[in-house]
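Chains A and B are the protein sequences, given in the same order. Residues in the first sequence are numbered from 14 upward in steps of one, following this note's numbering. Residues in the second sequence are numbered from 111 upward in steps of one, following this note's numbering. Ideal Cβ placement from N, Cα and C applies to all residues, glycine included. Here the structure comes first, spelled out in structure tokens, and everything after it is commentary.
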Amino acid sequence: MAVTRRLALLLCLLMLASRSPSLASTSAPENMSTGDEHSSTDQGETGHGKAPITTLPIVTWKWQHVSIPYLVALWILVSWLCKLVIEANHHVTNVIPESALLICFGFLLGGMIWGADHVQTFSLTPTVFFFYLLPQAILDAGYSMPNKLFFTNMGGILVYAVIGTCWNAATLGLSLWGCHQGGAMGDLDIGLLQYLLFGSLMAAVDPVAVIAVFEQVHVNEVLFIMVFGESLLNDGVTVVLFNVFDAFVSLGGSKINAAEIIKGIVSFFVVAFGGSLVGFVFGLLLSLLTRCTKNIRIIEPGFIFVMGYLAYLTAEMLSLSAILSIMFCAMCCQKYVNANMDENSVNTVRYALKVFANGSETIIFVFLGISAIDKVIWVWNTGFILLTLLFILVYRFIGVFLLTWILNKYRLVPIDLVDQVIMSYGGLRGAVAYALAAMLDENKIKEKNLMVCTTLIVVYFTVIFQGITMKPLVKWLKVKRAAMSEMTLLERVQNTMFNHILVAVEDISGQIGHNYMREKWKKFEENWMSWLLLKPSARKNQDQIFSVFHQLNLKDAASYVVEGERRGSLEFIRNEGAFVDFKKKFGEDFYDMMPDIMVDTSDEQDRMSATRRDPVPSVSLEMYEQTMQAMREPEDVNTHYLLQQHLYKSRKQHRHRFSRSHFDINKDEREVQEIFQRTMRSRLESFKSAKMGMAPPKTISKHTKKDQQQKVPNGKNKSYYSGDEDFEFSEGDSASGYDGNIPMRVSYRAGAGIENPAFMPDLDPQSSLQIPPWLAEAELDSGTVAPSQLAQVRLPWPSNLHRLAPLRISGRSTDSFTLADAPAAQQDDKEELPPPPPPPPHL
Amino acid sequence: MGALQSSPGHPEYIDLSEKTGFSIEQIGVLHKRFKQLSHNEESLRREQFEEIPDLACNPIRAQIIEAFFDKRNYHQNGEGTVNEIGFEEFLVVMSHFRPPSLHITEEQLEKVRREKLRFLFNMHDTDNDGTITLEEYRHVVEELLSRSGALGKETAKSIADAAMLEVASISMGHMEPDEFYEGITFEHFLKLLDGFEIESKMSVRFLNMDTITLCK
């Protein structure tokens with residue numbers, strides 16, 4: 014797979030780059046403790062048998078041959094093991110953020126290497142960082158970016174990212190220069206431009222560090238997106254600023270005139286916007302690409318990574334902002350890619366992104382720690398270092414407060430003081446700054462090591478100290494936290510409604526505001542972008558409310574299965590009238606179940622009465638079952654699918670076939686046959702017990718047959734049903750024919766908690782057509798109901814009742830007269846309820 | 111209705127400004143818009159709202175327009191609807207969408223929340239009986255989803271039902287089998303949308319500038 018290959022390549026190069034100086038010399042392995050003793054023997058073998066061999070070696074030691082990839086893999090393993098150790102005890106990570114702990118582990122590891130080698134062999138090099146570690150972290154951030162939130166706060170984010178970063182760079186550079194002139198740091202060979210260069214590399218808030226700290230504190234979403242968005246965008250800004258100042262430094266102060274400065278400003282915009290544009294184009298391409306990856310599901314997820322990485326490299330090639338490019342690529346494509354790809358692929362992408370991002374984040378922090386243990390870079394200058402720390406903190410606060418003050422004049426919802434403090438304090442510096450510092454050219458900047466060392470100290474200070482104090486600060490200041498609960502359906506509906514209301518109000522008041530623009534964009538997006546980038550089949554499922562609804566249904570179905578499995582079978586499904594609310598009612602014993610049956614029958618009574626008389630137009634708990642049933646109607650295809658997945662799983666493991674391009678295993682006919690037969694047997698058993706009941710099995714088979722036929726035209730999943738349809742037919746026939754085999758059933762019952770729900774007449778579209786009373790009432794009231802519809806409402810009753818009887822008995826072995834009695838008893842209850850008011854009642 | 115002269119001078123603006131909290135400039139802009147919509151008449155009718163081109167594709171425009179003619183939205187104890195509104199009423203309804211000012215106390219914020227939610231509640235509660243019944247809720251949801259082609263009427267209904275059930279289970283907790291949930295009362299509504307930050311979400315930026323010429 015492309016992803017894996019890339020990862021491997023990435024890591025190879027990571028170590029290659031970090032070890033390249035030592036590899037140049039042949040004595041390199043001697044630095045490694047594992048390598049020394051064999052180094053003398055393996056020298057000959059490493060060059061693919063260049064040395065003449067005297068005899069055939071059976072085994073040879075080829076450390077040189079594998080050393081680079083081996084070390085890469087080993088380091089990854091070590092970094093991840095660090096994380097594993099850290100995450101093992103939660104009360105430590107609750108106090109100290111993981112990133113800080115990882116850096117400390119880095120110190121330890123670095124110390125060990127230093128102790129062994131007396132030279133730092135491993136350190137984070139800019140090439141490795143920018144090419145192989147950073148992209149996936151940014152890709153993940155972009156891909157999981159809440160787009161709406163981001164674009165709503167885009168103005169603010171841009172202001173902080175662009176103006177804020179320039180402010181930070183300029184003030185830090187100028188102040189340090191001023192202090193230098195004032196003689197605060199002794200004799201240093203740093204000019205104004207070099208100070209500004211240093212300022213620009215220190216200016217950016219680091220996304221990796223910010224994410225690592227902020228995802229543990231759960232601040233409110235506006236604050237989070239502000240800090241997070243700023244840290245992502247300003248990376249682009251810093252890199253640009255850095256390049257501009259780097260060029261200025263190379264040019265030398267005398268050659269910089271107005272034209273050069275203007276060029277610098279122009280290049281700033283070109284680089285930033287150009288990078289975003291490249292990302293956007295790649296995002297579009299990627300979306301288009303996923304439109305037609307239906308036949309290569311297995312490598313589908315790989316495209317995201319490859320295209321994202323290409324976006325990054327392309328921007329880098331054009332000397333545009335690569336970070337902005339990969340971020341925008343991921344942000345643009347996320348919606349379309351998620352809709353276009355198979356659900357499994359989407360999950361794969363999500364997980365793989367997290368694996369890469371989290372993995373590289375871990376490596377970054379560990380190596381930040383390791384890099385510190387190196388005598389070469391430590392050049393101490395108290396004035397320079399302390400002043401830098403001070404200025405960074407102070408100017409960050411001033412910048413944030415100043416910009417927020419301006420922003421708040423234009424913001425609908427102002428950013429309050431507490432949030433501003435957290436935003437200022439969240440200005441963590443990280444690996445980007447370090448990598449940029451490491452990129453400085455020693456020939457041009459004499460004090461490179463001082464800068465690197467200062468950068469490291471700033472990084473450690475912000476990540477460790479500010480990271481640790483962030484949580485208490487957030488608590489102490491009582492920062493508004495993010496709502497932890499998921500949005501309810503009601504809230505989603507209200508949200509959609511708000512959008513429409515706000516647009517309408519803007520329309521009526523004749524304003525062109527955010528909502529107006531958003532609506533226009535949405536329309537454009539719906540009409541053009543979706544048309545271009547989405548598969549026709551995916552276009553349907555775009556509605557948010559529907560997706561929540563869909564998820565609710567799935568959850569419902571899943572809990573259904575879980576409950577059923579806990580009982581050891583899916584017997585309950587047969588009890589089709591009783592869509593018992595398991596959360597409330599499950600777990601009771603057989604006898605305790607009785608009231609439920611009563612309840613069920615009572616609401617059947619209700620339903621029946623709904624057609625006869627006016628029911629009460631309110632939601633009651635009893636109707637819950639009905640509603641769930643009604644809800645399930647568009648979903649029963651899914652439910653079937655879900656149940657089936659669960660049911661077939663036990664078989665799957667027995668038939669493992671390797672295929673590089675397919676996952677599906679359940680295509681074996683004999684298997685299906687077998688499942689069918691098992692189902693049949695258990696089924697027949699239930700018929701037998703139903704024999705004392707009244708409904709002949711024929712009713713069922715006929716009925717289901719009809720159901721299936723009904724379902725097929727509606728069902729989205731036609732191919733799925735066409736298989737089962739056949740079974741339904743044959744089932745009906747064989748039902749009587751198999752009667753003689755009943756004795757066999759006992760042996761099968763034991764293992765046969767497994768039944769194919771598709772064979773069950775449980776999710777009967779007709780019964781879900783039985784509209785709940787309030788609904789039926791609505792239709793009756795409205796007077797627009799065609800007679801045929803009314804007929805449909807009534808029609809299923811007799812057959813349904815017949816059908817209920819045997820099944821329920823089989824499930825619970827209750828008697829038929831329970832059924833007969835229950836309605837009567839319940840009816841009495843019902844009489845006590847408020848008499849159904851005339852239409853429109855209560856209104 | 112039509113309490114204002116056709117060309118109100120500044121004194122009236124100041125009154126209105128105190129009453130609704132809009133700035134004089136904003137009132138000026140809105141008044142211009144009002145006259146544009148009403149074709150220089152003193153009052154607005156429903157048809158004139160329906161003529162706004164951008165509104166045509168709004169799925170719940172009927173409810174929104176109705177809100178402008180609902181007396182409940184003018185003052186606390188109003189009831190019933192009117193057929194024409196003057197500028198003052200127009201402005202009062204608009205003022206529900208004013209963002210809360212920067213420096214207000216918790217209590218004031220709570221009051222703003224309540225007012226905004228009341229407006230929203232009234233939008234659902236068409237018959238003004240103090241509860242949003244399933245009927246009413248379902249109607250709104252149907253309208254809301256009527257524009258997105260993928261969802262049929264049945265789905266809209268089930269979504270409304272599911273949401274209502276959710277409401278019932280949240281606000282009533284455990285219900286006995288013979289209990290009924292009549293509908294969402296205002297108190298429940300407040301509770302349900304507690305974490306919703308309505309004060310920031312239900313706000314529109316009213317500009318001081320005149321952008322009407324850009325907008326049909």
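Could you check what DSSP says for residue i in three-state terms: helix, strand or coil?
| i | result |
| --- | --- |
| E194 (chain B) | strand |
| I514 (chain A) | helix |
| I398 (chain A) | helix |
| I109 (chain A) | coil |
| D125 (chain B) | helix |
| L69 (chain A) | coil |
| V232 (chain A) | strand |
| T482 (chain A) | helix |
| R156 (chain B) | helix |
| T265 (chain B) | helix |
| D235 (chain B) | coil |
| I203 (chain A) | coil |
| R223 (chain B) | helix |
| I386 (chain A) | coil |
| I294 (chain B) | strand |
| R694 (chain A) | helix |
Have a look at the options and flag the residue whose alpha-carbon is nearest the alpha-carbon of residue i.
| i | options | result |
| --- | --- | --- |
| G191 (chain A) | A:L503, A:W489, A:F404 | A:F404 |
| P159 (chain A) | A:F237, A:L147, A:C466 | A:F237 |
| A216 (chain A) | A:A174, A:E576, A:T68 | A:A174 |
| P139 (chain A) | A:T73, A:I89, A:L449 | A:L449 |
| D387 (chain A) | A:L469, A:S289, A:N421, A:L453 | A:L469 |
| V492 (chain A) | A:T67, A:H104, A:V431, A:I176 | A:V431 |
| Y184 (chain B) | B:L275, B:E199, B:E135, B:K142 | B:E199 |
| S205 (chain B) | B:V277, B:Q136, B:H298, B:N150 | B:Q136 |
| C117 (chain A) | A:N566, A:I477, A:W541 | A:I477 |
| M436 (chain A) | A:G195, A:F135, A:E243, A:L402 | A:E243 |
| N508 (chain A) | B:V222, B:K267, B:V251, B:L275 | B:V251 |
| V85 (chain A) | A:V279, A:L399, A:L137, A:H131 | A:L137 |
| A444 (chain A) | A:M483, A:L185, A:F380 | A:F380 |
| L326 (chain A) | A:A570, A:M483, A:F143 | A:F143 |
Using a Cβ-Cβ cut-off of 6 Å (strictly less than) and excluding sequence neighbours within five positions of residue i, which residues of its own chain qualify?
| i | result |
| --- | --- |
| R442 (chain A) | D219, V471, V472, T475 |
| F159 (chain B) | I175 |
| M452 (chain A) | P139 |
Less than 9 Å between the C-beta atoms of residue i and residue j, yes or no?
| i | j | result |
| --- | --- | --- |
| L202 (chain A) | E460 (chain A) | With the sequence shown as reference, residue 202 (chain A) is identified as Asp, and Leu is not the correct amino acid for it. A contact, by the Cβ cut-off of 9 Å. |
| L115 (chain A) | V91 (chain A) | no |
| S384 (chain A) | Q133 (chain A) | yes |
| V413 (chain A) | A335 (chain A) | no |
| I151 (chain A) | D248 (chain A) | yes |
| C342 (chain A) | A324 (chain A) | yes |
| M320 (chain A) | A154 (chain A) | no |
| S313 (chain B) | F231 (chain B) | no |
| E504 (chain A) | L300 (chain B) | no |
| A446 (chain A) | L97 (chain A) | no |
| A203 (chain B) | A166 (chain B) | The identity of residue 203 (chain B) in the sequence shown is Val, whereas the question assumes Ala. Not in contact: V203 (chain B) and A166 (chain B) (Cβ atoms no closer than 9 Å). |
| F562 (chain A) | L515 (chain A) | no |
| L206 (chain A) | V283 (chain A) | no |
Once you ignore the five residues that flank residue i on each side, which residues in its own chain have a CB closer than 8 Å to its CB?
| i | result |
| --- | --- |
| G480 (chain A) | I109, P110, S112, A113, A222, A225, V226, L441 |
| I419 (chain A) | V172 |
| E189 (chain B) | K181, R182, N238 |
Does residue i have its Cβ less than 9 Å from a Cβ in chain D?
| i | result |
| --- | --- |
| V506 (chain A) | You won't find chain D in this structure, because its protein chains are A and B. |
For residue i, which residues of its own chain have a beta-carbon under 7 Å away from its beta-carbon, when the five flanking residues on both sides are left out?
| i | result |
| --- | --- |
| S263 (chain A) | K457 |
| L416 (chain A) | V172, Y173, I176, G177 |
| T130 (chain B) | L201, V202, S205 |
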